[in-house]
Amino acid sequence: MSSVPQNKQELEQAIQLIFDKILVDYSSIPEELSRTVRVEGNVKGTEISVSDTLAYLIGWGKLVIQWNKLTSAKQCVELPATGYKWNELGRLAQSFYFEYRDWSYNDLISEFKITTNNILSLVSSLSEHDLYGVAWYKKYTLGRMIQLNTSSPMKNMRAKVRKFKKSNDIR
1 MSSVPQNKQE LEQAIQLIFD KILVDYSSIP EELSRTVRVE GNVKGTEISV
51 SDTLAYLIGW GKLVIQWNKL TSAKQCVELP ATGYKWNELG RLAQSFYFEY
101 RDWSYNDLIS EFKITTNNIL SLVSSLSEHD LYGVAWYKKY TLGRMIQLNT
151 SSPMKNMRAK VRKFKKSNDI R
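Residue numbers (our numbering): 1 to 171.
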């Protein structure tokens, strides 16, 4: 399998594989360290918490699900999110951190599991043609857009979370 999924099966495998790996990392971090701001942020020179990384992944996952719901209902989809442009992803990330700022670490992990399972169910429900047969946004297929906003950021966040674990001597 290439690093970029080329079909439905590869997309499902990519999401499940990185989800399983990052979940092990999240599960090893004590709740009392989950709000420690020492994880490299998405904007250069910023730092966030482990809980913020979960908020980010949940936020993007829910956007992917929302895009599909709106498209299925033949409604207009404003990408990446209503009120945001692609050059405002830092501001969008901040909105995710704010939305989930009061959630407990365990609740964030539970929501991340639910969101990822919903994404996997969505992918499972779509045909190969729906995912990879036609352009969905500009030149990108829906499968590529799902990958860019689920398994790809999970890989990115996992590297940052693992760096946090190492610097805090968490195994």
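Backbone N, C-alpha and C define an ideal beta-carbon position, used for all residues, glycine too.
Would you kindly work out how many angstroms separate the C-alpha atoms of residue i and residue j, rounded to a whole number?
{"i": "VAL77", "j": "VAL123", "result": "18 Å"}
{"i": "ARG91", "j": "GLU40", "result": "16 Å"}
{"i": "PHE112", "j": "LYS8", "result": "21 Å"}
{"i": "GLN147", "j": "GLY83", "result": "23 Å"}
{"i": "VAL134", "j": "ASP102", "result": "40 Å"}
{"i": "SER27", "j": "ARG162", "result": "12 Å"}
{"i": "ILE22", "j": "MET154", "result": "7 Å"}
{"i": "SER151", "j": "ILE18", "result": "6 Å"}
{"i": "ASN168", "j": "ILE114", "result": "28 Å"}
{"i": "SER121", "j": "SER72", "result": "15 Å"}
{"i": "GLU88", "j": "LYS139", "result": "21 Å"}
{"i": "GLN6", "j": "ASP130", "result": "13 Å"}
{"i": "VAL37", "j": "ASP20", "result": "24 Å"}
By alpha-carbon positions, which one of the options ends up nearest to residue i?
{"i": "ASN68", "options": "LYS8, PRO153, LEU54 and LEU142", "result": "LEU142"}
{"i": "GLN94", "options": "ASN118, ASN106, THR53 and LEU79", "result": "THR53"}
{"i": "MET157", "options": "TYR100, PRO5, ASP25 and ALA14", "result": "ASP25"}
{"i": "TRP60", "options": "GLU47, ARG38, THR46 and TYR100", "result": "TYR100"}
{"i": "LYS160", "options": "LEU126, HIS129, ALA14 and THR46", "result": "THR46"}
{"i": "TYR97", "options": "ASN168, SER127, GLN16 and LEU57", "result": "LEU57"}
{"i": "SER125", "options": "GLU12, MET145 and VAL4", "result": "GLU12"}
{"i": "ASP107", "options": "LEU70, THR36 and ALA55", "result": "ALA55"}
Cutting at 7 Å between CB atoms, please list the residues of its own chain near residue i, excluding the five before and the five after it.
{"i": "ILE29", "result": "VAL50, LYS165 and ILE170"}
{"i": "TYR105", "result": "GLU31, SER34 and SER51"}
{"i": "VAL43", "result": "GLY90"}
{"i": "ALA81", "result": "LEU63 and LEU92"}
Who are the Cβ neighbours of residue i in its own chain at under 8 Å, not counting the five residues just before and after it?
{"i": "LEU79", "result": "TRP67, TRP86 and TYR137"}
{"i": "VAL64", "result": "ILE119, LEU122, MET145, ILE146, ASN149 and THR150"}
{"i": "SER110", "result": "none"}
{"i": "LEU70", "result": "CYS76 and VAL77"}
Would you grab the beta carbon distance between residue i and residue j for me? Rounded to a whole angstrom, and I think it's under 8 Å.
{"i": "ILE15", "j": "THR116", "result": "7 Å"}
Please give the ranges of any beta strand (DSSP E) in the stretch 121-160, keeping only runs that are unbroken, at least 3 residues long and fully inside the region.
Assignment of beta strand (DSSP E) within the stretch 121-160, counting only whole runs of 3 or more residues, yields 135-137 in chain order.
Where in the stretch 27-104 do unbroken runs of the alpha helix (DSSP H), each at least 4 residues long, occur, reported from the N-terminal end onward?
Qualifying alpha helix (DSSP H) stretches, in chain order: 50-72 and 89-99.
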